[in-house]
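Asks: Numbering (our numbering), first residue to last: 1 to 322. Quick reminder that beta carbons are idealized off the backbone N, C-alpha and C, glycines included. Note that the coordinates shown come from a computational prediction; the quantities given were computed from them, not determined experimentally. The following block contains the structure, expressed as structure tokens.
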């Protein structure tokens, strides 16, 4: 998942379901399938160069959108400084970590680990950035989510090996997402810039960072595009143009229609798509406890965000038939 908006909008229930649900499903499909594209890409590209190709493609798409909308990039140096930080912890680092993780574990398992992001956001927002308040309900949600994480890991097994390392890298990627979201809310929320302009600046900063770091870490120049297979090239383009370009536009549309809180429910749908495409397209195997643990994690997320209570309050109670 990427492109968390910092534009603060009130939650709204006025928009009919048919106006936003298809967009949410499309968004979940794009972000859920991103783990498939990462798995294909790392077969031929070092994870750092895969992430670099992704941010370049995403930057091109968003720059084109800015040009069509006749909007400008930020001019305030402070915004660029904060964009540089978020570009690293919200894009460059986690996308690279998911790449290294998927060299070791199936894409569907990486998609499950992405679902813990909201659980990571809460304690960081409460303890570090002071943008959220803690409650007993949220504490219960965190506890449930932690149990789910142990189930996904198969904590009762002692010989996880490379699988455990790969899962740890994907978990760390989700932690960086958890840092980026409250950081954005603390330092970038309320800006007069459009979400498109701000997200473009984040991707441009991530592009500069990866362009410098990738050759130093890998010790090699980026591979020529024509030396890659069509599958690898298309995977990079899909990750950037769809996952970091079109997906952001869809996400912004839903935020404007139903608000940021309800839009975040896309988190519950993403693992479904990552599991389905992993099994059907890549023929990956999954053990019983991984999806079960993922469901427990999502239950913890729902409890911590008060989704279940809100859902019950919104269901009208009909009088019994007489």
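How would you label residue 54, buried or exposed, when you count the other beta carbons within 10 angstroms and need 16 or more for buried?
Replies: Burial call: buried.
Asks: Excluding the 5 residues preceding and the 5 following residue 100 in the sequence, name in chain order all residues of the same chain whose CB lies nearer than 6 Å to its CB.
Replies: Same-chain partners within the cutoff: 47 and 169.
Asks: In chain order, what residues of the same chain lie with their CB nearer than 6 Å to the CB of residue 187, ignoring the 5 residues before and after it?
Replies: Within the same chain, residue 187 has close Cβ partners 82.
Asks: Does the region 224 to 242 come within contact of the region 57 to 66, defined as at least 3 CB pairs closer than 8 Å?
Replies: Output reads yes: the region 57 to 66 touches the region 224 to 242.
Asks: Spatial neighbours of residue 266 within its chain, please: CB distance less than 6 Å, with the 5 preceding and 5 following residues excluded, ordered by chain position.
Replies: Cβ neighbours of residue 266 beyond the five flanking positions: 24, 27 and 28.
Asks: Rounded to whole angstroms, what's the CA-CA distance from residue 289 to residue 185? Just pull it up for me.
Replies: Residue 289 and residue 185: Cα-Cα distance of roughly 35 Å.
Asks: Comparing alpha-carbon positions, which option in 250, 219, 112 and 257 lies nearest residue 166?
Replies: The shortest Cα separation from residue 166 among 250, 219, 112 and 257 belongs to 112.
Asks: Which full runs of the beta strand (DSSP E) of 3+ residues lie inside the region 109 to 145, going along the chain?
Replies: With a minimum length of 3 residues, no continuous beta strand (DSSP E) run stays inside the region 109 to 145.
Asks: With residue 54 as the anchor, note down where its alpha helix (DSSP H) starts and where it stops.
Replies: 47 to 69 is the extent of the alpha helix (DSSP H) around residue 54.
Asks: Quick check on residue 128: buried or exposed, where buried means 16 or more other Cβ atoms within 10 Å of its Cβ?
Replies: Its Cβ having fewer than 16 others within 10 Å, residue 128 is exposed.
Asks: What's the gap between the Cα of residue 110 and the Cα of residue 35?
Replies: Distance between the alpha carbons of residue 110 and residue 35: 7 Å.
Asks: Kindly indicate which residue of 175, 194 and 173 has the alpha-carbon position closest to the one of residue 74.
Replies: For residue 74, the nearest C-alpha among the options comes from 194.
Asks: Does the Cβ of residue 246 have 16 or more other Cβ atoms within 10 Å, making it buried, or fewer, making it exposed?
Replies: Burial call: buried.
Asks: Are residue 114 and residue 180 close, meaning C-beta to C-beta below 8 Å?
Replies: No, these two residues do not count as a Cβ contact at 8 Å.
Asks: Among residues of its own chain, excluding the 5 on either side of residue 79, which ones have a beta-carbon nearer than 8 Å to its beta-carbon?
Replies: Hits under 8 Å: 188, 191, 193, 198 and 201.
Asks: Pick from 65, 141, 204 and 256: whose alpha carbon is nearest that of residue 123?
Replies: Closest option to residue 123, Cα to Cα, is 141.
Asks: Using a threshold of 8 Å, state whether the C-beta atoms of residue 62 and residue 203 are closer than that.
Replies: Yes, they are a contact pair.
Asks: Would you kindly report the start and end of the unbroken alpha helix (DSSP H) that includes residue 290?
Replies: Start and end: 289 to 304.
Asks: Which class does residue 281 belong to by DSSP, given the choice of helix, strand or coil?
Replies: Note: residue 281 maps to coil in three-state DSSP.
Asks: According to DSSP, is residue 219 part of a helix, a strand, or is it coil?
Replies: DSSP places residue 219 in coil when its eight states are reduced to three.
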